[in-house]
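A.B. asks: Residue numbers (the working numbering): 492 to 897. The C-beta atom is built at its ideal place from N, Cα and C for all residues, glycine as well.
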């Protein structure tokens, strides 16, 4: 049944009647102009009331107060109705500090919040500037947009150095690439995200870095930073074939189980396979990573290699070469394995980051990219309210396998 529309109160009906009587309204644009005029008048009246309270008496009332009204000063502010002129009341000794529209405040439309929300969706400073001008009918330069988003930088730095939990049972590390302008040269730069699942089974982005060249030295620095922020143990760390990662993990967290990301392993394999065979090949690969034991998985790996070797001799090479970092998954139950090989958490986050590439083809700087990534992360993680499925069983299993860690 459709919800019945609430009837306007008598007071609201009187306001509308007065509005129609006072203004020659013939279109939606006329309504907007009328509201703009009323908005400015309402702001002015509220500031007059503020001044009355400040002085302690109303206009034309006798008083012994040495301070008094001193006319008004015109001021242009930006509002959701566009630019409007308001009359700011003054006092003789200049002690009045209005709160409705404060001194030097030029914006009462929450434009800053709107600009930051647009930036989070991947819009460039030029696109934001054009949209603000189109919607609100006043100009916001690209420089102003950049300055507004730069207010995020101290917040980002605090977030990057915040204290972390003592232990993360499962951690995922992944990279996504963006085009960034550097001295008028466009370069592909990696953004590295480290996502942890904490002891309560909740997802948490624990690090977000604009990457340098991958190396064991680089990754050791990142992992040591996690330790400096309070991380003592990581039970399982899953990553793609990031150069130097395995060596760095062995130094920083020598007891951690390093696991090659199965999703990336499968994707990299299927790059060698023609479209017509991809589905069948993917089904065969599933028999490897879903095998009940490492021994059976290894047998299946050899069988799949032999089966497809004639058509795709290079496809399975990485499985045999990296078996030592693929095989740790077989130590765990189906519940734990599913968390590791589906990587839903990190894939969902990466899809949010990829949308930034749709909004703009090139970021003007590393700093601009970092701001956009931070905002996208904040928006994505607001939806993370549930723990990993079957976390109670998973936690119990990991507590036994990594005795004394949890």
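Is the distance from the Cβ of residue 871 to the Cβ of residue 843 below 7 Å?
C.D. replies: As a working mapping, residue 871 is identified with position 380 in the chain shown. As a working mapping, residue 843 is identified with position 352 in the chain shown. Yes, the pair counts as a contact, with Cβ atoms nearer than the cut-off.
A.B. asks: Applying the criterion that 16 or more other CB atoms from any shown protein chain within 10 Å of the CB defines a buried residue, is residue 694 buried or exposed?
C.D. replies: Counting from 1 along the chain shown, the entry for residue 694 is found at position 203. So residue 694 ends up on the buried side.
A.B. asks: Would you decide whether residue 646 is buried or exposed? Buried here means 16 or more other CB atoms lie within 10 Å of its CB.
C.D. replies: As a working mapping, residue 646 is identified with position 155 in the chain shown. So residue 646 ends up on the exposed side.
A.B. asks: Going by DSSP in three states, residue 887 sits in which element: helix, strand or coil?
C.D. replies: Taking the first residue of the chain shown as position 1, residue 887 is located at position 396. Three-state DSSP puts residue 887 in a helix.
A.B. asks: Find the nearest neighbour of residue 681 within the set 675, 701, 672 and 662, judged by alpha-carbon distance.
C.D. replies: Numbered from its first residue, the chain shown carries residue 681 at position 190. Ranking the options by Cα distance to residue 681, first place goes to 701.
A.B. asks: Compare the beta carbon distance of residue 579 and residue 597 with 7 Å and say whether it is the shorter of the two.
C.D. replies: Within the chain shown, numbered from 1, the residue matching residue 579 stands at position 88. Within the chain shown, numbered from 1, the residue matching residue 597 stands at position 106. The answer is no: Cβ separation not under 7 Å.
A.B. asks: Would you mind working out which of 661, 749 and 794 sits nearest residue 879, comparing C-alpha positions?
C.D. replies: One-based indexing of the chain shown puts residue 879 at position 388. Of the candidates 661, 749 and 794, the one whose C-alpha sits nearest the C-alpha of residue 879 is 661.
A.B. asks: What are the boundary residues of the alpha helix (DSSP H) that includes residue 646?
C.D. replies: Start at 1 with the first residue of the chain shown, and residue 646 comes out as number 155. First-last of the alpha helix (DSSP H) with residue 646: 643-651.
A.B. asks: Can you look up residue 936 in the DSSP assignment and give me helix, strand or coil?
C.D. replies: The question about residue 936 has no answer here: the residues shown for the chain are numbered 492 through 897.
A.B. asks: So the candidates are 584, 574 and 570; which of them puts its Cα closest to the Cα of residue 561?
C.D. replies: As a position in the chain shown, residue 561 is number 70, starting the count at 1. Checked all of 584, 574 and 570; the closest Cα to residue 561 is 584.
A.B. asks: Using the Cβ count rule (16 or more neighbours within 10 Å means buried), how would you classify residue 856?
C.D. replies: Reading the chain shown from its first residue, position 365 is the one you call residue 856. With fewer than 16 Cβ atoms within 10 Å of its Cβ, residue 856 is classed as exposed.
A.B. asks: So which of 793, 737, 617 and 893 has the shortest CA-CA distance to residue 851?
C.D. replies: Position 360 of the chain shown, counting from 1, holds the residue named residue 851. Nearest of 793, 737, 617 and 893 to residue 851, Cα basis: 617.
A.B. asks: For the pair the stretch 737-745 and the stretch 755-769, tell me if three or more CB-CB distances fall below 8 Å.
C.D. replies: Contact fails: fewer than three Cβ-Cβ distances are below 8 Å.
A.B. asks: Leaving aside the five residues before and after residue 752 along the sequence, list all residues of the same chain whose C-beta is less than 7 Å from its C-beta, in chain order.
C.D. replies: Start at 1 with the first residue of the chain shown, and residue 752 comes out as number 261. Answer for residue 752: 729, 730, 731 and 834, listed in chain order.
A.B. asks: For residue 697 versus residue 685, is the C-beta distance shorter than 7 Å?
C.D. replies: Position 206 of the chain shown, counted from the start, is the residue given in the question as residue 697. Position 194 of the chain shown, counted from the start, is the residue given in the question as residue 685. Their beta carbons are under 7 Å apart, which means residue 697 touches residue 685 by this criterion.
A.B. asks: Let's see if you can read the secondary structure: which residues bound the alpha helix (DSSP H) around residue 790?
C.D. replies: On the chain shown, position 299 is the one that residue 790 refers to. Per DSSP, residue 790 belongs to the alpha helix (DSSP H) from 785-799.
A.B. asks: For residue 621 and residue 536, what's the separation of their Cα atoms in angstroms?
C.D. replies: Here residue 621 refers to the residue found at position 130 of the chain shown. Here residue 536 refers to the residue found at position 45 of the chain shown. For residue 621 and residue 536, the distance between alpha carbons rounds to 33 Å.
A.B. asks: Is the stretch 789-797 touching the stretch 859-876, taking contact as three or more C-beta pairs under 8 Å?
C.D. replies: Taking 8 Å as the limit for Cβ pairs, the verdict is that the stretch 859-876 does not touch the stretch 789-797.
A.B. asks: Would you check if the distance between the CB atom of residue 896 and the CB atom of residue 724 is smaller than 7 Å?
C.D. replies: As a working mapping, residue 896 is identified with position 405 in the chain shown. As a working mapping, residue 724 is identified with position 233 in the chain shown. Yes; because the gap between Cβ atoms is below 7 Å, this pair is in contact.
A.B. asks: Which runs of the alpha helix (DSSP H), 4 residues or longer, sit entirely within the stretch 691-765?
C.D. replies: Counting whole runs of 4 or more residues, the stretch 691-765 contains the alpha helix (DSSP H) stretches 707-719, 736-743 and 753-761.
A.B. asks: Taking C-alpha atoms, which residue in 748, 858 and 885 lies nearest to residue 826?
C.D. replies: Translated into the one-based positions of the chain shown, residue 826 becomes position 335. Among 748, 858 and 885, the Cα nearest to that of residue 826 belongs to 885.
A.B. asks: Let's see if you can read the secondary structure: which residues bound the alpha helix (DSSP H) around residue 826?
C.D. replies: Taking the chain shown and counting its residues from 1, one reaches residue 826 at position 335. Start and end: 825-833.
A.B. asks: In the DSSP output, what is residue 580 paired with across the bridge?
C.D. replies: What you label residue 580 is simply residue 89 of the chain shown in a count that begins at 1. According to DSSP, which records beta bridges pairwise, residue 580 is partnered with 563.
A.B. asks: Could you check what DSSP says for residue 767 in three-state terms: helix, strand or coil?
C.D. replies: Counted from its first residue, the chain shown places residue 767 at position 276. In this structure, residue 767 counts as helix in the three-state DSSP scheme.
A.B. asks: Would DSSP call residue 507 helix, strand or coil?
C.D. replies: Here residue 507 is taken as the residue at index 16 of the chain shown, counted from 1. Residue 507 falls in the helix class under three-state DSSP.
A.B. asks: Among the candidates 658, 710 and 673, whose CA atom is the shortest distance from the CA of residue 683?
C.D. replies: The residue given as residue 683 occupies position 192 in the chain shown. Nearest C-alpha to residue 683: 710.
A.B. asks: With the cut-off set at 7 Å, would you say residue 720 and residue 783 are in Cβ contact?
C.D. replies: Numbered from its first residue, the chain shown carries residue 720 at position 229. Numbered from its first residue, the chain shown carries residue 783 at position 292. In this structure, residue 783 does not lie closer than 7 Å to residue 720 by Cβ.
A.B. asks: In the DSSP assignment, what are the bridge partners of residue 659?
C.D. replies: Looking up residue 659 in the chain shown gives position 168. Paired residues: 725.
A.B. asks: Rounded to whole angstroms, what is the Cα-Cα separation between residue 649 and residue 865?
C.D. replies: What you label residue 649 is simply residue 158 of the chain shown in a count that begins at 1. What you label residue 865 is simply residue 374 of the chain shown in a count that begins at 1. When rounded, the distance between both Cα atoms is 12 Å.
A.B. asks: Going along the chain, which residues of its own chain have a beta-carbon closer than 7 Å to the beta-carbon of residue 492, five neighbours each way excluded?
C.D. replies: Position 1 of the chain shown, counting from 1, holds the residue named residue 492. Any reading at residue 492 needs caution, since the residue's pLDDT is 47, under 50, leaving its predicted position unreliable; the model's value is listed next. Counting only Cβ-Cβ distances below 7 Å, and skipping sequence neighbours, we find nothing.
A.B. asks: Tell me, please, which residues DSSP counts as bridged to residue 676.
C.D. replies: On the chain shown, residue 676 is found 185 positions in, with the first residue counted as 1. DSSP, once it has assigned bridges, lists 673 as partnering residue 676.
A.B. asks: So, at 8 Å on beta carbons, what are the nonlocal neighbours of residue 512 in its own chain, with the 5 sequence-adjacent residues on each side left out?
C.D. replies: Stepping through the chain shown from its first residue, residue 512 is reached at position 21. Around residue 512: no qualifying Cβ.
A.B. asks: Go ahead and pull the three-state DSSP assignment for residue 587.
C.D. replies: Counting from 1 along the chain shown, the entry for residue 587 is found at position 96. Three-state DSSP puts residue 587 in coil, outside helix and strand.
A.B. asks: Please report the straight-line C-alpha distance between residue 577 and residue 590, rounded to a whole angstrom.
C.D. replies: By one-based count along the chain shown, residue 577 stands at place 86. By one-based count along the chain shown, residue 590 stands at place 99. Their backbone Cα atoms lie some 14 Å apart in a straight line.
A.B. asks: So, helix, strand or coil for residue 533, using DSSP?
C.D. replies: The count along the chain shown starts at 1 and reaches residue 533 at position 42. The answer is helix: DSSP assigns residue 533 an H, G or I state.
A.B. asks: Per DSSP, what kind of secondary structure is residue 815 in: helix, strand or coil?
C.D. replies: Working through the chain shown from its first residue, we reach residue 815 at position 324. Of the three classes helix, strand and coil, the one that applies to residue 815 here is helix, per DSSP.
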